[in-house]
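**Q** In our numbering, the protein residues as written are -10 to 241.
C-beta atoms are modelled at their ideal positions from N, C-alpha and C, and glycine is treated no differently.
Dropping the structure in here first, questions after.
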């Protein structure tokens, strides 16, 4: 029975293929479609790399390809290329979600802080920060430890944000500094003000109604078990896994 295995369709692989690194001269590379399908299967199932089904070929090949292309930024580049292909949307949503870090994620180089693992009310967690369009499609990601405030992490996402007209965020993004930063790049912030504000900035509840799109996106990403729980020691590898899940779920 193979109906529970993940396989990229020929149409999906046709979109991916032009974005993959060129094969080294004289070195034949194992079938990309099969290997990438195997990598996605591991991310979806949440299994260990050593337990990957043999239909995808050597287990070591799957893991080595995932790690090597993570280090080179290939998975992130593929995600960004596909996400930007249609041009920037008029509006974006910003938010974050926390995922628990499994004990196997401990011991990364430089310690937990250097690998985007921190302590929050949920224990050892990583926060996935994202920019998403109104159709639930993510366009950028950033990782931090779970204790990092959303309004602080937003700075990194703004640097990666395409030219849009409007940015929606929840009250966690209501800071004067962040509002000024958003406005400085020509974007209007639509963020509900905190209750303790004396001066209430402009806010449209009607436009804000579509914000659940980002919650739905996070929910779909967490259908990938290796995203719902972080097993990777390396933040680079975990970010690559997030980009792969987003690419398969929304851009292929």
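Under a Cβ-count criterion, where at least 16 other Cβ atoms within 10 Å of its own Cβ denotes burial, should residue 279 be classed as buried or exposed?
**A** Limits of the chain in this structure are -10 at one end and 241 at the other, which puts residue 279 out of reach.
**Q** Is any non-hydrogen atom of the ligand GTP found closer than 7 Å to the C-beta of residue 142, if you look at the structure I gave you?
**A** Only the bare structure without any ligand can be found here, which leaves the ligand GTP out of the picture.
**Q** Bridge partners of residue 84, per DSSP?
**A** Along the chain shown, read from residue 1 onward, the residue named residue 84 stands at position 95. Answer by DSSP bridge pairing, in chain order: 119.
**Q** Tell me the rounded alpha-carbon separation between residue 34 and residue 151.
**A** The residue you call residue 34 lines up with position 45 of the chain shown. The residue you call residue 151 lines up with position 162 of the chain shown. Distance between the alpha carbons of residue 34 and residue 151: 33 Å.
**Q** Can you list, in chain order, the residues of its chain whose CB lies under 8 Å from that of residue -10, leaving out five sequence neighbours each side?
**A** Along the chain shown, read from residue 1 onward, the residue named residue -10 stands at position 1. Note on residue -10: pLDDT 38, under 50, position unreliable in the model; the coordinate value appears next. So no residue of the chain qualifies.
**Q** With H, G and I counted as helix, E and B as strand and the rest as coil, what does DSSP make of residue 155?
**A** Sequence index remark: in the chain shown, residue 155 carries index 166 (1-based). If DSSP states are grouped into helix, strand and coil, residue 155 belongs with the strands.
**Q** Roughly how many angstroms separate the alpha carbons of residue 224 and residue 56, rounded to a whole number?
**A** Within the chain shown, the letter at position 235 stands for residue 224. Within the chain shown, the letter at position 67 stands for residue 56. Residue 224 and residue 56: Cα-Cα distance of roughly 11 Å.
**Q** What's the C-alpha gap between residue 0 and residue 9?
**A** For the purposes of this step, residue 0 is taken as residue 11 along the chain shown, with counting starting at 1. For the purposes of this step, residue 9 is taken as residue 20 along the chain shown, with counting starting at 1. Going from the Cα of residue 0 to the Cα of residue 9 covers about 15 Å.
**Q** Name the residue from 48, 13, 11 whose alpha carbon lies nearest to the alpha carbon of residue 29.
**A** Taking the chain shown and counting its residues from 1, the one referred to as residue 29 is at position 40. Comparing Cα-Cα distances from residue 29 to each of 48, 13, 11, the minimum goes to 48.
**Q** May I ask you to report which of helix, strand or coil DSSP gives residue 98?
**A** Translated into positions along the chain shown, residue 98 becomes position 109. Note: residue 98 maps to coil in three-state DSSP.
**Q** Figure out for me which residue from -4, 91, 137 has the closest Cα to the Cα of residue 26.
**A** Here the question's residue 26 lines up with position 37 in the chain shown. Cα-wise, what sits closest to residue 26 is -4.
**Q** Under a Cβ-count criterion, where at least 16 other Cβ atoms within 10 Å of its own Cβ denotes burial, should residue 222 be classed as buried or exposed?
**A** The sequence position of residue 222 within the chain shown is 233, counting from 1. Looking at its Cβ environment, which holds 16 or more other Cβ atoms inside 10 Å, residue 222 is buried.
**Q** At a cut of 8 Å, does the region 114 to 129 reach the region 159 to 168 through at least three beta carbon pairs?
**A** With a cut-off of 8 Å, the region 159 to 168 and the region 114 to 129 do not count as touching, because too few Cβ pairs lie within range.
**Q** So is residue 111 buried or exposed if we call it buried at 16+ other beta carbons inside 10 Å?
**A** Counting from one through the chain shown, the residue named residue 111 turns up at place 122. Classification of residue 111: exposed, given that the 10 Å Cβ count is below 16.
**Q** Using 8 Å as the threshold, is the C-beta distance between residue 135 and residue 108 below it?
**A** Taking the chain shown and counting its residues from 1, one reaches residue 135 at position 146. Taking the chain shown and counting its residues from 1, one reaches residue 108 at position 119. In this structure, residue 108 lies closer than 8 Å to residue 135 by Cβ.
**Q** Using DSSP with H/G/I as helix, E/B as strand and the rest coil, what is residue 113?
**A** As a working note, residue 113 is residue 124 in the chain shown. Of the three classes helix, strand and coil, the one that applies to residue 113 here is strand, per DSSP.
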